[in-house]
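Q: Listed in order, the protein sequences are those of chains R and E. Under the UniProt record's numbering, residues 1 to 714 are what the first sequence spells out, in order. Under the UniProt record's numbering, residues 1 to 714 are what the second sequence spells out, in order. Glycine is no exception: its CB is placed at the ideal position from the N, C-alpha and C atoms. Got a structure for you, written out below as structure tokens; questions coming shortly.
There are 2 protein chains.
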Amino acid sequence: MQSRWWSCGIRPVAWTWTWSLAVIGAWCIPANEGALAGGIDIAAHWMTDLKEGVCLIGFWFNHEHCCWTSNETTFQERDRCPQWKSWAELIAGASEGPFAYVVNYLMYLFWALLFSFLAVTLVRAFAPYACGSGIPEIKTILSGFIIRGYLGKWTLIIKTITLVLAVSSGLSLGKEGPLVHVACCCANILCHLFTKYRKNEAKRREVLSAAAAVGVSVAFGAPIGGVLFSLEEVSYYFPLKTLWRSFFAALVAAFTLRSINPFGNSRLVLFYVEFHAPWHLVELAPFILLGIFGGLWGAVFIKANIAWCRTRKTTRLGHYPIIEVLVVTAVTALMAFPNSYTRMSGAELISELFNDCSLLDSSQLCGYKQPSNTSETSVDNSLADRPAGEGLYTALWQLALALIFKMLITVITFGMKVPSGLFIPSMAVGAIAGRLLGVGMEQLAYYNHDWLIFRGWCSPGADCITPGLYAMVGAAACLGGVTRMTVSLVVIMFELTGGLEYIVPLMAATMTSKWVADALGREGIYEAHIRLNGYPFLEPKEEFEHSSLAVDVMRPRRGDPALAVLTQDGMTVGEVETIVESTHYSGFPVVVSQESQRLVGFVLRRDLLISIDNARKRQDGIVSASKVVFTEHTPAQPPEAPPPLRLRGIMDLSPFTVTDHTAMDITVDIFRKLGLRQCLVTHNGRLLGIITKKDILKHMAQIANRDPDSILFN
Amino acid sequence: MQSRWWSCGIRPVAWTWTWSLAVIGAWCIPANEGALAGGIDIAAHWMTDLKEGVCLIGFWFNHEHCCWTSNETTFQERDRCPQWKSWAELIAGASEGPFAYVVNYLMYLFWALLFSFLAVTLVRAFAPYACGSGIPEIKTILSGFIIRGYLGKWTLIIKTITLVLAVSSGLSLGKEGPLVHVACCCANILCHLFTKYRKNEAKRREVLSAAAAVGVSVAFGAPIGGVLFSLEEVSYYFPLKTLWRSFFAALVAAFTLRSINPFGNSRLVLFYVEFHAPWHLVELAPFILLGIFGGLWGAVFIKANIAWCRTRKTTRLGHYPIIEVLVVTAVTALMAFPNSYTRMSGAELISELFNDCSLLDSSQLCGYKQPSNTSETSVDNSLADRPAGEGLYTALWQLALALIFKMLITVITFGMKVPSGLFIPSMAVGAIAGRLLGVGMEQLAYYNHDWLIFRGWCSPGADCITPGLYAMVGAAACLGGVTRMTVSLVVIMFELTGGLEYIVPLMAATMTSKWVADALGREGIYEAHIRLNGYPFLEPKEEFEHSSLAVDVMRPRRGDPALAVLTQDGMTVGEVETIVESTHYSGFPVVVSQESQRLVGFVLRRDLLISIDNARKRQDGIVSASKVVFTEHTPAQPPEAPPPLRLRGIMDLSPFTVTDHTAMDITVDIFRKLGLRQCLVTHNGRLLGIITKKDILKHMAQIANRDPDSILFN
């Protein structure tokens with residue numbers, strides 16, 4: 001019967017696998033993640049509003065919820081209601097005037113400092129790994145390196161709490177990167193419940209890849225973008241199977257999100273936009289300009305941020321992380337409060353910048369001069385281009401100041417000892433720049449309808465330029481410049497906004513931004529932080545272009561003492577122990593004999609030590625003079641000799657080898673594709689040396705004139 | 001100066017590379033492809049209309065263009081104008097009545113047979129490789145196999161022409177798969193113009209991967225879907241670099257498309273849909289049902305189609321391809337003409353099925369009973385659910401017949417000796433099934449508002465069920481069942497339709513369809529055809545789960561004669577020639593000596609023959625008694641000996657080795673990831689045997705109880 005099932009194509013094993021993963025990877029992680037993300041959202045929203053005031057009918061309501069329950073609000077002023085009191089009203093009884101302003105200002109500063117102080121102290125006290133975005137470390141972990149405790153339960157708990165605090169404190173950081181870390185923690189903890197995943201590193205890494213996809217899916221409501229983000233940016237090895245599993249996990253996450261309906265508009269979309277005018281080919285020029293800006297900013301940001309982080313690492317600055325966070329928070333709060341565009345949260349700012357102005361819009365950004373006759377408004381509520389009015393000019397000034405402020409403060413914020421993501425700040429910078437350029441283009445077109453470039457598509461009274469679209473393209477360009485994503489970024493952008501028709505502008509800006517940024521420095525922000533921290537990460541994107549051979553990179557070098565090897569039946573326990581103790585290598589090749597140097601296998605230091613230790617303790621007669629035997633059959637021994645110690649079981653019988661003439665680009669490729677940690681080098685069948693991942697990284701660092709000793713030991 | 005440029009990060013080499021690829025891969029291929037695809041579209045449209053009638057003001061106008069120029073058409077009957085004459089009007093002077101019908105029927109049949117006859121004869125006479133979809137072969141080529149002439153200029157020209165003929169003949173086939181083949185031909189021909197790509201197989205394959213992306217991008221107007229299709233379905237090895245390059249090529253293609261504006265709606269979207277009602281969670285049940293249908297149909301279709309193709313291969317049927325095509329065309333035409341849903345082209349049918357009914361819609365599918373009071377129509381021109389009328393019932397019957405017809409005819413059509421794609425027929429089957437289910441659900445909800453499942457979201461007068469959405473989900477499910485795509489399919493679907501909000505229904509249906517189909521047979525249609533044709537393709541998706549070792553698979557087997565090896569300095573030219581002539585191996589390992597069997601390198605048969613031949617012709621004194629020397633330094637020889645033949649230059653000094661104890665799953669993994677054709681097997685440093693890709697495929701076929709001799713020699 002069993003065989004008929006098999007021949008019919010139904011494979012019980014594969015199904016068990018799929019279903020167990022469906023349970024672990026798909027229901028638990030996205031559900032937990034969804035709940036966590038929802039909780040984080042709600043808490044951060046409430047605490048952000050707490051900086052400005054409090055709700056009288058219940059302090060646990062945020063500003064919006066507080067006024068929902070009120071009957072006295074009109075549609076126009078939804079966010080003003082008597083139940084919501086600003087701190088000035090509550091403390092000083094005044095809602096206007098300079099005194100109230102100062103009270104509000106001080107309370108804002110106080111809460112910001114309190115939140116950030118709590119965040120940094122919690123991180124320092126309980127989970128030092130909870131700081132930063134976590135994506136560089138997850139990339140490194142997925143490439144095969146082990147950082148113990150990085151994905152543990154303490155990191156999960158503390159990162160969740162401190163993320164809310166950090167976001168609420170008003171610092172220029174986002175929650176998207178940290179959510180990926182949180183999702184990976186969830187997945188890792190769940191993996192520990194199942195023997196299959198606890199014991200198999202490779203399978204666990206596949207689950208982590210899927211978790212990274214879920215993290216982004218949940219953070220942005222962008223399921224496909226999340227899968228592609230995991231593929232393009234986070235994962236090291238992403239087989240098609242993982243693609244499907246991530247896709248399934250993202251499906252469940254999207255479904256959960258759709259059920260929770262967090263953005264309150266029955267759409268999965270975070271910043272839904274609806275533009276009325278199609279874009280024109282001429283507009284590609286400003287879009288590419290935004291791409292160039294994004295690329296330049298990305299490259300400069302990375303260089304500045306790395307320089308600042310290196311300063312923190314090497315000078316006394318690094319010894320006072322709490323003071324650093326408090327100072328940066330104070331500066332941010334002091335500078336941000338007076339400008340409404342920096343005072344609002346990053347997501348709100350982006351949402352406002354993406355928005356197209358309708359007739360009823362009361363926002364400052366839509367402060368155009370009203371058209372004299374109503375015939376200029378077209379049927380579908382879209383508006384013809386209009387001259388900028390007072391309100392818009394004020395908004396532009398404030399935006400320009402906000403741009404400079406955000407560009408500077410993000411450089412010193414990212415990398416502090418609090419959880420901090422980069423997506424929202426980068427997008428905010430780009431969206432501001434894009435909106436400014438968009439309004440500029442709009443006014444240019446309005447006053448110069450007769451210019452050759454505008455003729456034919458931008459006649460008077462037409463709605464030809466949409467500043468919100470420029471903001472969207474600018475956001476994509478800046479995020480692209482910082483992270484160097486391409487396909488995943490475009491997909492995330494159109495999942496974020498629903499703007500499928502704007503795929504060509506987005507692609508053009510993203511591609512330009514990547515080229516410009518790559519020309520100024522090959523590394524994205526995550527790779528730069530990996531290198532800064534010296535993680536042993538073999539970059540899969542960069543081609544190895546040097547013409548060296550395996551023999552040039554392997555140990556021992558010319559002049560070094562010979563390679564420490566064990567022989568398969570010629571050494572005693574004592575001799576083996578001497579070799580192990582006199583070196584620090586993590587493994588030893590086993591050869592037939594010292595003369596022939598023919599390779600038999602590879603033994604890990606750890607296994608060797610444990611086996612000898614166990615044998616000495618339990619096995620009768622194992623002494624220093626006992627022979628260590630790696631062969632299948634124990635060779636004949638003199639009768640008075642102590643019993644031999646048989647260790648064939650712990651030997652890897654299929655160690656990886658290359659010949660000494662193998663080109664290093666091929667060797668590097670083999671290391672990457674097979675995820676090796678070491679590889680033995682032979683010449684005409686004789687063992688010659690060994691290459692480890694660290695040797696390769698050092699060699700690459702030497703070629704690039706960097707300090708080879710900055711690489712951590714794996 | 002040069003070094004400063006380098007340290008500044010600008011890398012001239014990388015840039016040259018990028019730009020040369022930008023020129024080749026991005027401008028030429030998409031541009032050519034765009035032009036070709038545009039030409040194919042226009043020609044096919046014209047010839048499809050020619051089957052029904054002709055334009056009097058110019059026979060080169062198709063029906064639509066013909067009536068554009070007419071002033072006598074009204075908006076309601078855009079496709080009726082006096083300039084366009086059906087064949088009955090032209091020949092018999094009658095436009096109505098049974099006689100006119102018969103004349104039109106016969107003319108339709110005549111043109112269909114003429115087109116298909118031309119298509120099949122052209123393919124047979126000039127380019128036998130032009131038949132089929134080409135995707136199985138391109139997959140095989142990308143995995144490292146070489147099929148000479150498959151991507152040549154004759155294939156390009158003939159495939160382009162015959163594709164138009166085949167599509168116009170009304171056969172149940174699409175043009176999307178063949179367009180991928182055409183794009184790859186373009187890319188391959190362009191590669192031959194550049195030394196870099198002509199000489200480097202790997203780089204050429206990367207360009208082909210990008211071309212496959214461009215093919216789908218152009219066929220569907222889905223740039224990102226194209227890139228993901230290439231990643232998920234076509235390519236074997238898809239590094240991030242290729243991802244970016246494909247992305248760039250797809251960007252240019254999308255841009256070209258946007259400039260040409262082929263669909264006439266200033267959108268990139270082929271089947272643009274605009275649905276008014278959001279979907280409800282309860283509807284997931286029918287969506288998953290559609291997924292199950294799609295999976296079942298996909299699995300059954302693959303089994304039936306493969307069985308039919310095997311019959312064609314093994315019986316006398318295969319000797320009469322022209323008659324086969326003519327018979328199938330005749331059957332298709334005779335059955336399709338009376339039913340308007342089968343008479344229209346696949347793309348038109350899908351477009352109509354996806355469409356949501358508006359008030360003004362005159363199509364039969366929208367033949368609902370008009371609401372008695374106008375208050376039921378909601379503000380946004382969407383319609384409340386209504387009872388089905390006479391017209392709709394007729395349409396449903398016709399659709400049901402069309403479904404059965406399409407399901408049967410596609411099985412025997414795909415695989416004939418004409419260019420034929422599967423995307424459009426599969427989508428049509430799914431769209432019909434989906435629309436039927438959708439209308440059924442709509443009527444169920446209309447007459448049973450009070451059922452528990454409809455309560456709360458589907459009250460009377462509400463527009464709750466959109467049959468067009470069901471058609472869309474059904475189309476995705478069936479295409480998924482046939483091809484087993486997931487992520488790329490969802491992206492293509494929402495790039496095709498612009499329906500970002502329906503991502504969860506699409507994902508659910510696609511995933512269900514893949515699971516159901518995988519449970520009934522692991523292979524998608526392309527893999528099944530690869531296996532049917534016996535191409536040496538090492539499936540990257542399937543896991544190798546057998547516990548055999550390298551020693552079980554390698555040659556020579558136990559009892560076979562020893563492995564044919566050369567020694568590095570012990571053999572004469574005559575001895576080498578004897579070994580080469582007495583075997584058919586494509587390469588020989590070189591060892592230090594027959595006794596030690598220590599491996600030095602690997603020599604290809606072809607290089608060996610050419611070198612010996614050249615040496616005998618040109619080099620003085622090379623005779624059969626000359627020593628063949630593979631060492632670096634020529635060993636001392638007796639003075640009277642003829643001069644040695646030095647062949648170190650043609651030897652691969654870094655042949656790939658594994659030990660005899662390496663598990664086969666690891667070996668298979670190495671073959672896949674490194675794209676190997678052979679690998680040497682050693683034991684304790686001595687050469688033991690060789691494993692080729694063919695050995696692995698035979699071993700896998702044996703495990704699966706298939707005929708191991710069905711695999712072609714590579």
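Can you pull the chain R neighbours of E:Lys673, defined as C-beta to C-beta under 8 Å?
A: By 1-based counting over the second sequence, the position of residue 673 of chain E is 673. Residues of chain R passing the Cβ test: Lys673 and Leu674.
Q: Check whether the Cβ atoms of R:Val681 and R:Asp660 sit closer than 9 Å, and answer yes or no.
A: For the purposes of this step, residue 681 of chain R is taken as the residue at position 681 of the first sequence. For the purposes of this step, residue 660 of chain R is taken as the residue at position 660 of the first sequence. For R:Val681 and R:Asp660, yes; Cβs fall inside 9 Å.
Q: With the cut-off set at 9 Å, would you say R:Lys313 and R:Leu532 are in Cβ contact?
A: Taking the first residue of the first sequence as position 1, residue 313 of chain R is located at position 313. Taking the first residue of the first sequence as position 1, residue 532 of chain R is located at position 532. Pairing R:Lys313 with R:Leu532 gives a Cβ-Cβ distance under 9 Å.
Q: Runs of 4 residues minimum, wholly inside the UniProt domain "CBS" (554 to 618) of chain E: which ones carry the alpha helix (DSSP H) assignment?
A: 573 to 582 and 605 to 618
Q: Determine the burial state of R:Phe75: buried for a count of at least 16 other Cβ atoms within 10 Å of its Cβ, exposed for fewer.
A: Here residue 75 of chain R corresponds to residue number 75 of the first sequence, with the count starting at 1. Per-residue confidence for R:Phe75 stands at a pLDDT of 49, beneath the threshold of 50, marking its modelled position as unreliable; the derived number appears in the next sentence. By the 10 Å Cβ count, R:Phe75 comes out exposed.
Q: Please confirm if R:Gly498 has its CB atom under 9 Å from at least one CB of chain E.
A: Translated into the one-based positions of the first sequence, residue 498 of chain R becomes position 498. A Cβ of chain E is located within less than 9 Å of the beta carbon of R:Gly498.
Q: I'd like to know if R:Ala433 contacts chain A, where contact means its C-beta is closer than 9 Å to some C-beta of that chain.
A: Absent from the structure is chain A; the protein chains it does hold are R and E.
Q: May I ask you to list, following chain order, the residues of the UniProt domain "CBS" (554 to 618) of chain E that have a beta carbon less than 9 Å from some beta carbon of chain R?
A: Gln568, Val591, Val592, Ser596, Gln597, Arg598, Leu599, Val600 and Gly601
Q: Just list the alpha helix (DSSP H) runs in the UniProt domain "CBS" (651 to 708) of chain E, keeping only unbroken ones of 4 residues or longer that don't cross its boundaries, in chain order.
A: 664 to 674 and 693 to 703
Q: Shorter than 9 Å from the beta carbon of R:Trp297 to some beta carbon of chain E?
A: Within the first sequence, residue 297 of chain R is the residue found at index 297, counting from 1. Chain E contact via Cβ: absent.
Q: Who are the neighbours of R:Phe248 on chain E, taking C-beta pairs under 7 Å?
A: The residue given as residue 248 of chain R occupies position 248 in the first sequence. Per Cβ cutoff of 7 Å: Met511.
Q: Under 9 Å between the Cβ atoms of R:Gly481 and R:Ala299?
A: Reading the first sequence from its first residue, position 481 is the one you call residue 481 of chain R. Reading the first sequence from its first residue, position 299 is the one you call residue 299 of chain R. Closer than 9 Å, so yes.
Q: Could you say which of E:Val628, E:Arg598 and E:Tyr585 lies nearest to E:Glu691 if we only look at CA atoms?
A: Reading the second sequence from its first residue, position 691 is the one you call residue 691 of chain E. Position check: residue 691 of chain E holds Ile in this sequence, whereas Glu was assumed. Of the listed residues, the one whose Cα sits closest to E:Ile691 is E:Tyr585.
Q: Cβ of E:Gly415 within 9 Å of Cβ of E:Gly132?
A: Here residue 415 of chain E refers to the residue found at position 415 when the second sequence is read from its first residue. Here residue 132 of chain E refers to the residue found at position 132 when the second sequence is read from its first residue. In contact: E:Gly415 and E:Gly132 (Cβ atoms closer than 9 Å).
Q: Is R:Gly468 near R:Phe354, with beta carbons less than 9 Å apart?
A: Looking up residue 468 of chain R in the first sequence gives position 468. Looking up residue 354 of chain R in the first sequence gives position 354. Their beta carbons are under 9 Å apart, which means R:Gly468 touches R:Phe354 by this criterion.
Q: Just to check my reading of the structure: E:Ala625 and E:Pro419 have Cβ atoms closer than 8 Å, yes? What is that Cβ distance to the nearest angstrom?
A: Start at 1 with the first residue of the second sequence, and residue 625 of chain E comes out as number 625. Start at 1 with the first residue of the second sequence, and residue 419 of chain E comes out as number 419. Incorrect: roughly 57 Å between the Cβ atoms, too far for contact.
Q: Taking only the alpha-carbon atoms, compute the straight-line gap between R:Ser378 and R:Gly389 and give it to the nearest angstrom.
A: Taking the first sequence and counting its residues from 1, the one referred to as residue 378 of chain R is at position 378. Taking the first sequence and counting its residues from 1, the one referred to as residue 389 of chain R is at position 389. Here R:Ser378 scores only 43 on pLDDT, less than 50, and its place in the model should not be relied on; the value that follows carries that caveat. Cα to Cα, R:Ser378 sits roughly 20 Å from R:Gly389.
Q: Within 9 Å of any Cβ in chain E, is that where the Cβ of R:Met700 sits?
A: Walking along the first sequence from the start, residue 700 of chain R turns up at place 700. By this cut-off, R:Met700 is not an interface position.
Q: Using the Cβ count rule (16 or more neighbours within 10 Å means buried), how would you classify E:Glu523?
A: To locate residue 523 of chain E, count along the second sequence from 1; it is residue 523. E:Glu523 is buried by the Cβ-count criterion.
Q: Answer yes or no: do R:Gly430 and R:Leu290 have a C-beta to C-beta separation smaller than 9 Å?
A: Numbered from its first residue, the first sequence carries residue 430 of chain R at position 430. Numbered from its first residue, the first sequence carries residue 290 of chain R at position 290. A contact, by the Cβ cut-off of 9 Å.
Q: Starting from the Cα of E:Glu640, find the closest Cα among E:Arg648, E:Gly621 and E:Ile650 and give me that residue.
A: Along the second sequence, read from residue 1 onward, the residue named residue 640 of chain E stands at position 640. The option with the nearest alpha carbon to E:Glu640 is E:Gly621.
Q: With a cut-off of 9 Å, does the C-beta of E:Asp669 fall near any C-beta of chain R?
A: Sequence index remark: in the second sequence, residue 669 of chain E carries index 669 (1-based). Yes - at least one Cβ of chain R is within 9 Å of the one on E:Asp669.
Q: Along chain R, which residues have their Cβ under 7 Å away from the Cβ of E:Val490?
A: Residue numbering aside, residue 490 of chain E sits at position 490 when the second sequence is read from its first letter. By Cβ distance, chain R contributes Ile224.
Q: Assuming E:Gly174 and E:Phe423 are in contact, meaning their beta carbons sit under 8 Å apart, how far apart are those beta carbons, in whole angstroms?
A: Taking the first residue of the second sequence as position 1, residue 174 of chain E is located at position 174. Taking the first residue of the second sequence as position 1, residue 423 of chain E is located at position 423. A Cβ-Cβ distance of about 5 Å is found for the pair E:Gly174 and E:Phe423, placing them in contact under the 8 Å criterion.
Q: Using a C-beta to C-beta distance shorter than 9 Å, which residues of chain R count as neighbours of E:Met507?
A: Here residue 507 of chain E refers to the residue found at position 507 of the second sequence. Correct list: Pro223, Ile224, Phe247, Phe248, Ala250, Leu251, Ala254 and Phe255.
Q: Give a yes or no on whether 9 Å exceeds the smallest Cβ distance from E:Ala663 to chain R.
A: As a working mapping, residue 663 of chain E is identified with position 663 in the second sequence. So, interface residue.
Q: Which same chain residues end up closer than 7 Å to E:Phe115 when comparing Cβ atoms and leaving out the 5 residues on each side of it in sequence?
A: Your numbering for residue 115 of chain E matches position 115 in the second sequence. Hits under 7 Å: Met47, Leu165, Ser168 and Ser169.
Q: Quick one: does E:Glu283 have its CB under 9 Å from some CB of chain R?
A: Along the second sequence, read from residue 1 onward, the residue named residue 283 of chain E stands at position 283. Not closer than 9 Å to any Cβ of chain R, the Cβ of E:Glu283 fails to qualify, so no.
Q: Looking only at DSSP bridge pairs, what is E:Arg646 linked to?
A: Translated into positions along the second sequence, residue 646 of chain E becomes position 646. Per DSSP, E:Val629.
Q: List the residues of chain R that E:Glu632 touches, going by C-beta distances under 9 Å, in chain order.
A: Position 632 of the second sequence, counted from the first residue, corresponds to residue 632 of chain E. Those within 9 Å of E:Glu632 in chain R number zero; the least Cβ separation is about 11 Å.
Q: For R:Glu324 and R:Val331, what's the separation of their Cα atoms in angstroms?
A: Within the first sequence, residue 324 of chain R is the residue found at index 324, counting from 1. Within the first sequence, residue 331 of chain R is the residue found at index 331, counting from 1. Roughly 11 Å separates the two Cα atoms.
Q: Is there at least one Cβ from chain R nearer than 9 Å to E:Glu232's Cβ?
A: Taking the second sequence and counting its residues from 1, the one referred to as residue 232 of chain E is at position 232. Closer than 9 Å to some Cβ of chain R, the Cβ of E:Glu232 qualifies, so yes.
Q: Should R:His63 go down as buried or exposed, given a rule of 16 or more other Cβ atoms within 10 Å for buried?
A: As a working note, residue 63 of chain R is residue 63 in the first sequence. Burial call: buried.
Q: Mind pulling the chain E residues with CB within less than 8 Å of R:Leu243?
A: For the purposes of this step, residue 243 of chain R is identified with residue 243 of the first sequence, where counting begins at 1. Simply Glu232, Thr486 and Val487.
Q: Can you tell me whether E:Ala388 is helix, strand or coil according to DSSP?
A: Stepping through the second sequence from its first residue, residue 388 of chain E is reached at position 388. Looking at E:Ala388 - three-state DSSP - the assignment turns out to be strand.
Q: Should R:Thr410 go down as buried or exposed, given a rule of 16 or more other Cβ atoms within 10 Å for buried?
A: The sequence position of residue 410 of chain R within the first sequence is 410, counting from 1. So R:Thr410 counts as buried.
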